[in-house]
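Presented below is the structure to which this report refers.
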Amino acid sequence: MDFDELDELDPVEVPDLGRDLAVIILGATGYTGSLMVEHLDALVDLQPKAEQLKWGVAGRNLAKLKNVASHCRSCPQIFHVSDDAQLDHMVSKGRVVISAIGPYALCGEAVVEACVKNSTHYVDITGEVPWMYQMVQKYHARAEELKTKIVLSAGNVCAPDEILCYSLVRTLGPLKDYREYFSQFGGISGGTLQTNITSLCSDEDGQIIAKDPFCLGGRGSKDRPEDLDCDQVEADSLYPSVYLAPAYNSSTGSRVLRRSAELFAADLRYGQELRVVIREGHLQRAMAEQQLQSFSTPKKEAADALLQARERDQAPWPGFGPPKELRKLYGAEIIALAQAESGHWAYARWTSGCAYEVSAMCAVCGALVLAEEAGGAGGVLTPAFAFHGTTWIDRLQEVPFANRGGQKIALEIHEGKPTEEILRAQISERNRRVMIGQQKLLKLAKPWKTPALCESSI
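Quick note: UniProt numbering has the sequence shown finishing at residue 458, numbered continuously throughout.
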C-alpha cells in the first residue's frame, strides 16, 4: 500500500475515543495480516454473542477483503482503503489500528501519521530499525502530548525479547547484564522477503542509523565492545561448549530493549548500565561461522540473490508464506539469562510455535489491551513499555493460535543460571526440528501458499 503524504498535523483537541470499533487490521489480506484476522476472529468467537467486540478489516482490494471477512465466524466491518481520505476515515473509526502493510519503510509512515492525527492507538510488527528511528524522531513528541500509543515491533522479531527482559527486570530489579540465547526454526513469507530486499537496498543514511546500537535510545555512560553487533564467532564466556553467532533478531531486539530501558527510566528501572547481548548458539564452531557468514554478505549481492531466487520461483512473493502443515513444525525456544545489579541471577525460558503465528498473536493481544485497558503515557513506544501493567503477557499464554489446539506461547522464570546441558539441549532440539522440516520440504513442490482465509474456500 503506497499512500501519498498526508497533510501536516494540525494542533487539534484530543477526540473522544468512544469509537465504533475496538480494533481494525490494516493489510488484512496479506499473509501475516490474514493470520491476525484468523486469531482475532477466534478470540472474538470465544466471547458471548451479546458481548462480542466490534472490529474491522482494511486493505486495498475490496474483493479480497470480502472474501476474508466471509470466512470469519464473527462479522468484521470492511474498510476499502486506497487513498488518503479513506485511510483517514478508517483510522477515525477504530480505537486501535494494527498495521500489517510492509515494508514499513515504503508504506508505513502514512498510517502512523493518520493515527497520531486522529489520536488512534497503533500497533505494528516492524523490524526495520531506520524506519523506527524516523518514527521516533517525527512523531514521539506529538503522540506523547496526545497520550496516543504508537507501538512499534510488537511481532515475533522483538516481542519475545521484550517479554523476557521485562519479566527478568520484574523478578530481579535493575539489571547489570541481559544475555539471550535465541533458537528458532521456520520458513519465510513473501512480505518478509520483500522487506529484507528493501532494507538491503536502503540509502547510506539508513545503514548508518542501523549500525548505531543506541539509535533508538538507551545509551549508557560509556561505550563498551559488548554493545556492538556481533562480527565474530566466540565461545560463550559462561558456557564454553556453546559457540555464539548473530541471531536474526540480534540487531532489532537489542535496540528495542535499550529503548525500553530509556522509556521506563524511573518507573521500572532496567539498569543504568545494562548490557544487552542477543545471540544464537551452536554446538560446532563451523556452524556458527557459517551463520555469521550469512550476515556478512555484501548488501547488493544479498539483495540480488533474493530477487533472483524469487524470479526463479524459488522464493515466495508477497501474500504467500508457510502453509499450515509446515507451520506446525516451526517454533522457537529462547533462554534469557540476567544478572541483577545486586549480583543475583535468574533466567527465563520462552517457547512458541511458528514465528508468523506468534506475530499475529502478539499484535492482536496487544491491540486488545490498548482497546480495553489503555492508560498511561503515549508516544512512539516499545511493547514492554506500552503494555506495562496490563494483561498482555497473560493473554498471550491463554489461547493458542486461532484457538486450534496448537502450541501455546509459554513463559517460565527460574532462579539462578541454567546448566550448560540445558543450553545444549535447546540447540539440539532446534537442529532436530531443522532436519525434520527439511525432509518435509523436499516432498513439497513449493513450501509456501496463501493463508486459508485468503483462499476461495476453506
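Cβ atoms here follow ideal geometry from the backbone N, Cα and C, with glycine treated the same way.
None of the values given here were measured: they were computed from a predicted structure.
Contacting residues, own chain, Cβ-Cβ under 6 Å from residue i (five flanking each side not counted)
i, result
"A288", "V233, Y243, A245 and H282"
"S260", "T382, A384 and F385"
"Q339", "K176, D177 and W345"
"Y104", "T126, E128 and W131"
"L292", "V233 and A245"
"D7", "Since pLDDT at D7 reaches only 31, below the 50 mark, its modelled position is unreliable, and no value is offered."
"V23", "W55, V96, A367 and A371"
"G102", "G191 and T195"
Three-state class that DSSP yields for residue i in the structure shown
i, result
"P246", "strand"
"R179", "strand"
"E128", "coil"
"S241", "coil"
"T148", "coil"
"E8", "Summary for E8: the model assigns pLDDT 33, below 50, so the residue's position carries little reliability, and this model does not support an answer."
"G331", "strand"
"R19", "coil"
"S352", "strand"
"residue 512", "The question about residue 512 has no answer, for the chain in this structure spans 1 to 458."
"L228", "coil"
"A261", "helix"
"A266", "coil"
"E234", "strand"
"A360", "helix"
Cβ neighbours of residue i in the same chain (closer than 7 Å, five flanking residues each side left out)
i, result
"C365", "W392, R395 and L396"
"V112", "Y122, M135, Y139 and I150"
"I413", "S167, T171, A346 and A348"
"R285", "V233 and Y243"
"S254", "P213, V276 and I278"
"D41", "C72, R73 and S74"
Anticipated Cβ contact below 8 Å, residue i with residue j, distance rounded
i, j, result
"T252", "V129", "6 Å"
"L370", "V96", "5 Å"
"A58", "M36", "The pair is not a contact, with the Cβ atoms about 12 Å apart (cut-off 8 Å)."
"A143", "C362", "About 20 Å separates the two Cβ atoms, so there is no contact after all."
"R179", "V277", "5 Å"
"Y270", "V169", "5 Å"
"F264", "R433", "That pair is no contact at about 35 Å."
"S189", "G321", "3 Å"
"L326", "G187", "6 Å"
Alpha carbon of residue i to alpha carbon of residue j, nearest angstrom
i, j, result
"A360", "Y133", "23 Å"
"W448", "K176", "43 Å"
"A425", "E226", "26 Å"
"K408", "T351", "8 Å"
"C230", "F214", "15 Å"
"C115", "S92", "8 Å"
"S250", "R279", "6 Å"
"C75", "G56", "8 Å"
"L329", "S183", "14 Å"
"H39", "N403", "7 Å"
"G406", "E273", "40 Å"
"K324", "L46", "22 Å"
"D223", "K211", "14 Å"
"S199", "L216", "17 Å"
"V256", "R219", "12 Å"
"residue 465", "H71", "Because the chain is modelled from 1 through 458, residue 465 falls outside the range shown and cannot be assessed."
"K443", "G375", "50 Å"
"T192", "E51", "36 Å"
"P418", "G343", "16 Å"
"L87", "A28", "14 Å"
"E373", "G94", "15 Å"
"D267", "A100", "31 Å"
Contact set for residue i: own chain, Cβ-Cβ below 8 Å, skip 5 residues either direction
i, result
"L62", "I78 and H80"
"Q207", "P130 and K299"
"T297", "A305"
Check: residue i C-beta below 7 Å from any heavy atom of the ligand NAP
i, result
"S359", "Ligands in the displayed structure: none, and consequently the ligand NAP is not present."
Which ranges would you report for the alpha helix (DSSP H) in the stretch 375-456 if only whole runs of at least 4 residues count?
383-386, 392-398 and 420-442
Give the list of continuous alpha helix (DSSP H) stretches no shorter than 4 residues that lie fully inside the stretch 273-325.
285-296 and 299-311
Could you tell me which uninterrupted alpha helix (DSSP H) segments, each at least 4 residues in length, are contained entirely in the UniProt domain "Saccharopine dehydrogenase NADP binding" (23-145), listed from first to last along the chain?
31-45, 62-70, 84-92, 104-107 and 109-117
Along the chain, which unbroken stretches of the beta strand (DSSP E) at least 3 residues long are found entirely within the stretch 157-213?
175-182
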